[in-house]
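Report on one structure; see the data block that follows.
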Amino acid sequence: MSDAAAFLRVTAWTWLGIWVAGSAGLVLTAARLGYDAPVVPTSWAAIVSMRHVVWLLAGLGGFLVLRLAAAVLGAISGN
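Anchor point for the sequence shown: position 32 equals 777 in this note's numbering, and the numbering is continuous, going up by one each time.
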């Protein structure tokens, strides 16, 4: 495995760890404060909920992009 592919692989797993920890933190904070996502997103609870969804999508997307880049670099280098 090339150094770049190894770096991207480690970065991807680190990103995933940050994503999981951040997502858990948002969920636990919202639960502790008693927020539920209402039907009309006009309250603080909805903002917390929407931020959580954005965090989830961005984290998962970043992880997948980094893993794909690591796989491509690994394939190019012959590993």
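Using N, Cα and C, we set each Cβ at its ideal position, and we do this for glycine too. Everything numeric in this text was worked out from a predicted model, so none of it was measured.
On the CB-based measure, 16 or more other CB atoms within 10 Å of its CB, does residue i come out buried or exposed?
i: Gly762; result: exposed
i: Ala820; result: exposed
i: Ala803; result: exposed
i: Leu753; result: buried
i: Ala750; result: buried
i: Ala815; result: buried
My understanding is that residue i touches residue j, with C-beta atoms under 8 Å, so please give their C-beta distance in whole angstroms.
i: Leu818; j: Ser747; result: 6 Å
i: Gly807; j: Trp760; result: 5 Å
i: Leu805; j: Thr756; result: Contact doesn't hold; Cβ gap of about 15 Å is too wide.
i: Ser822; j: Trp800; result: Actually they do not touch by this definition, with Cβ atoms about 33 Å apart.
Less than 8 Å between CB atoms is the rule here; does residue i satisfy it with respect to chain B?
i: Leu773; result: Absent from the structure: chain B. Only one protein chain is present.
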